[in-house]
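There are 2 protein chains.
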Amino acid sequence: MSPPGYRDAVDLTHQSSLSLTVAEAGERETLRRLLVHMPMGKSLLGPGDDAAVISAPDERVVISTDTMIEGADFNLDWSTPEHLGRKAVASNLADIAAMGARPTGLVIALAVPRDTTVEFVERLANGFAIGLERLAPATCGVVGGDLATSPVVTIAVTVFGSMDGLAPVLRSGARPGDVVAVAGDLGRAAAGLRLLFAQGNAVPAVFDDVAADGLIAAQLAPEPPLYAGMLAAKAGASAMMDLSDGPLLDATRMAEASGVTLEFDDFAVAADLDYLVPALERALGLVGRQARELAQRLVLGGGEDHSLLATFPPNRDLPEPFRQVGRVLERGEASVLVSGKPAKPEGWDPYVGMQ
Amino acid sequence: MSPPGYRDAVDLTHQSSLSLTVAEAGERETLRRLLVHMPMGKSLLGPGDDAAVISAPDERVVISTDTMIEGADFNLDWSTPEHLGRKAVASNLADIAAMGARPTGLVIALAVPRDTTVEFVERLANGFAIGLERLAPATCGVVGGDLATSPVVTIAVTVFGSMDGLAPVLRSGARPGDVVAVAGDLGRAAAGLRLLFAQGNAVPAVFDDVAADGLIAAQLAPEPPLYAGMLAAKAGASAMMDLSDGPLLDATRMAEASGVTLEFDDFAVAADLDYLVPALERALGLVGRQARELAQRLVLGGGEDHSLLATFPPNRDLPEPFRQVGRVLERGEASVLVSGKPAKPEGWDPYVGMQ
């Protein structure tokens, strides 16, 4: 963490974090309370100095950075601070998992408006703790950070990993004849976002429907099976990436990087459709065919599941929970096919919106 | 960089970056133009995949993160985009230098309003290039990043370094009898900020005075002698930190971490005063004594110079450009003395302001 500010005299020890803003508490006291909740990592040199030092056992470090900003990336009417911490962990660790690496630590640059309560910041730290407990090995934690002010809540995370001697699994390694596989759900996070928009600014999870609540949870605090990334690297995956912007769009990128065509079998995603269709019918009042069409669009077009898309050489046992969803073909006219037909990628551009 | 968004058909090739907003260009085209200017680092695996991979030759990585946010940390009436890139490089590399490490790479999470021109983003990248060229070895560059939108320009940088087998120089290692030394200027960045506030929202550097322009430059785009950090580590410095929040406040932190008292000699900072006093007289119209009192306050109280404060065992040759400014004493009542008198630390708290 950055050096705490110096604050005189005022004894805040007994004041509740609920009634104290970060501007009233100052950086030193905010940091002190925040660090009680923050899941600190085991580093060679922890926070408190100008920099942290972490171990890189095979003389390499895998690095990725990802930012979540209020308005563009989340809505405080929908997300609790715990959700934000959990989602920041998931979206960042997914990039490390997608290389086949083991996560080793992260740094968090956090900026909040001056009238934010200290409790909000503590709950955000708690969300990081929950996310790391669910998604990362016990040795991975926070090794540094920075506190700042901004008109909007801003969470910039940089995450580190180790390949432990293995080669990183790139996007460019898919070869004709390989199997296309996915670990994790498809379309749930995007369906959850539809439900949240349909619901407006009410408190989340009012559908009173287990499946609908599951979709909203997948959007607000996804828990993709990220451990599968390391298993894929060990099992000899030829290419891998995380599904952040939508399977068709992300698969297009993998196909172009690898110089191949990827084909999805629509029957292979039937289980994803079967989860979405009845939940969309009940929660949005859609009739069967409308719900099915929307679900089909979301399963292959929706982003933010942070499931893993990988290719494996033929005739390998896929590591759990990877399941085959298609195959790699020689490069054809289209980058991606769905059951033989060219698929137009849909996805998300942060500057332009859905297109 | 994060995966570019997919954008159809519209040919933007011939449209000037000056008349194109990031929302019009989309992430893919913004990123393409940005990367032309960005000083990319030599990594084992560069941008374009889910994560970057960099080398950690001694199985350790030094890591620090620092954020600059419009409003709280800079004002676009005063700073050009090049200034912002240069200052982000200086403030981040200073934390790596303060450990005695060699910088090896950085990742940049950048968020801008949707109506920002692509030219602004290109010039920001150019500022990173200038800053790295001036302050870092040729092998240090950008290895990854993230593009997002925010109502305010937000620059979150995480920087990496290697100790190359040496021990990191901590804040806690100062011992009685050690020499206190500084590499770099004192008070110039804070004096520059005074001049900018005095000047209001006019274009910077209108004082037509070489020294005043130097103060403003020190505030907007500091160039501390950061290579001195590695030299200090090799010369056996016992403690080190960068001066970001003001020498008295930062020295208080070092004194408390080390369990000692640090004493500054005011005659040792006479050269810093001699630079500031005439510039403040001319630029602010202050008479001699007022200018001297303000300069004294700024030299030991002003932040953002990012000079290096270090302690060395006695009777060592100080590596250039370190100069002795005081000595380490047994822990006394005060953390910091100036010529024998207890000094009250002044400095900056981002949530509370100057105190």
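Which chain is which? The protein sequence lines are A and B, in order.
Residues 1 to 355 (my numbering) are what the first sequence spells out, left to right.
Residues 1001 to 1355 (my numbering) are what the second sequence spells out, left to right.
Cβ coordinates follow ideal geometry from the N, Cα and C atoms, glycine included.
Note that the structure is a prediction, hence the values are computed from the model and not measured.
Less than 9 Å between the C-beta atoms of residue i and residue j, yes or no?
{"i": "V1152/B", "j": "G1085/B", "result": "no"}
{"i": "T154/A", "j": "S1150/B", "result": "yes"}
{"i": "M1038/B", "j": "V1062/B", "result": "no"}
{"i": "A111/A", "j": "L76/A", "result": "no"}
{"i": "L1220/B", "j": "L1093/B", "result": "no"}
{"i": "T1311/B", "j": "A1239/B", "result": "yes"}
{"i": "R179/A", "j": "L309/A", "result": "Note that residue 179/A is Val in the sequence shown, not Arg. No. Outside cutoff."}
{"i": "M230/A", "j": "D58/A", "result": "no"}
{"i": "G214/A", "j": "G302/A", "result": "no"}
{"i": "D1265/B", "j": "V1182/B", "result": "no"}
{"i": "A23/A", "j": "L12/A", "result": "no"}
{"i": "V1142/B", "j": "G1259/B", "result": "no"}
{"i": "D1185/B", "j": "D1305/B", "result": "yes"}
{"i": "L1298/B", "j": "R1194/B", "result": "yes"}
{"i": "F120/A", "j": "V89/A", "result": "no"}
{"i": "G48/A", "j": "R1171/B", "result": "yes"}
{"i": "G1165/B", "j": "R1327/B", "result": "no"}
Pick helix, strand or coil for residue i, following the three-state DSSP scheme.
{"i": "L1226/B", "result": "coil"}
{"i": "S1019/B", "result": "helix"}
{"i": "A232/A", "result": "helix"}
{"i": "T1104/B", "result": "strand"}
{"i": "D1213/B", "result": "helix"}
{"i": "E1330/B", "result": "strand"}
{"i": "G85/A", "result": "helix"}
{"i": "L76/A", "result": "coil"}
{"i": "D1272/B", "result": "helix"}
{"i": "S339/A", "result": "coil"}
{"i": "T158/A", "result": "strand"}
{"i": "A1191/B", "result": "helix"}
{"i": "S55/A", "result": "strand"}
{"i": "V431/A", "result": "Nothing can be reported for residue 431/A, as the shown portion of chain A is limited to 1 through 355."}
{"i": "P204/A", "result": "Confidence at P204/A is low in this model, with a pLDDT of 48, below 50, so its placement is unreliable and no value can be given for it."}
{"i": "R1060/B", "result": "strand"}
{"i": "L39/A", "result": "Residue identity differs from the one stated: residue 39/A is Pro in this sequence, not Leu. Reduced to three states, the DSSP call for P39/A is coil."}
{"i": "T117/A", "result": "strand"}
{"i": "A1221/B", "result": "coil"}
{"i": "P47/A", "result": "strand"}
{"i": "A1025/B", "result": "helix"}
{"i": "M254/A", "result": "helix"}
{"i": "A167/A", "result": "coil"}
{"i": "P345/A", "result": "coil"}
{"i": "G1071/B", "result": "coil"}
{"i": "L243/A", "result": "coil"}
Can you tell me whether residue i is buried or exposed, with buried defined as 16 or more other CB within 10 angstroms of its CB?
{"i": "N315/A", "result": "exposed"}
{"i": "R1289/B", "result": "exposed"}
{"i": "R1134/B", "result": "exposed"}
{"i": "S1017/B", "result": "buried"}
{"i": "G144/A", "result": "buried"}
{"i": "F160/A", "result": "buried"}
{"i": "F267/A", "result": "exposed"}
{"i": "V1107/B", "result": "buried"}
{"i": "Q324/A", "result": "exposed"}
{"i": "A1109/B", "result": "buried"}
{"i": "A343/A", "result": "buried"}
{"i": "S1244/B", "result": "buried"}
{"i": "A1205/B", "result": "With a pLDDT of 49 at A1205/B, under the threshold of 50, the modelled position of this residue cannot be trusted; read the value that follows with caution. Classification for A1205/B: buried."}
{"i": "H1083/B", "result": "buried"}
{"i": "S1091/B", "result": "buried"}
{"i": "S19/A", "result": "exposed"}
{"i": "A283/A", "result": "buried"}
{"i": "D1208/B", "result": "exposed"}
{"i": "F1197/B", "result": "exposed"}
{"i": "P345/A", "result": "buried"}
Out of the options, point me to the one whose CA is closest to residue i's CA.
{"i": "F322/A", "options": "R331/A, L276/A, V269/A and L284/A", "result": "V269/A"}
{"i": "S335/A", "options": "E256/A, D49/A, A25/A and G48/A", "result": "E256/A"}
{"i": "E1223/B", "options": "D1272/B, I1069/B, R1282/B and K1087/B", "result": "K1087/B"}
{"i": "L273/A", "options": "A190/A, L249/A and R175/A", "result": "A190/A"}
{"i": "E333/A", "options": "V121/A, D305/A and T252/A", "result": "T252/A"}
{"i": "A1211/B", "options": "P1278/B, G1165/B, F1197/B and T1261/B", "result": "P1278/B"}
{"i": "P1168/B", "options": "V1328/B, T1021/B, A1097/B and E1293/B", "result": "A1097/B"}
{"i": "L294/A", "options": "Q15/A, T30/A and G192/A", "result": "G192/A"}
For this session: Ignoring anything shorter than 4 residues or poking outside the region 1260-1325 of chain B, list the alpha helix (DSSP H) runs there in chain order.
Result: Qualifying alpha helix (DSSP H) stretches, in chain order: 1270-1284 and 1288-1301.
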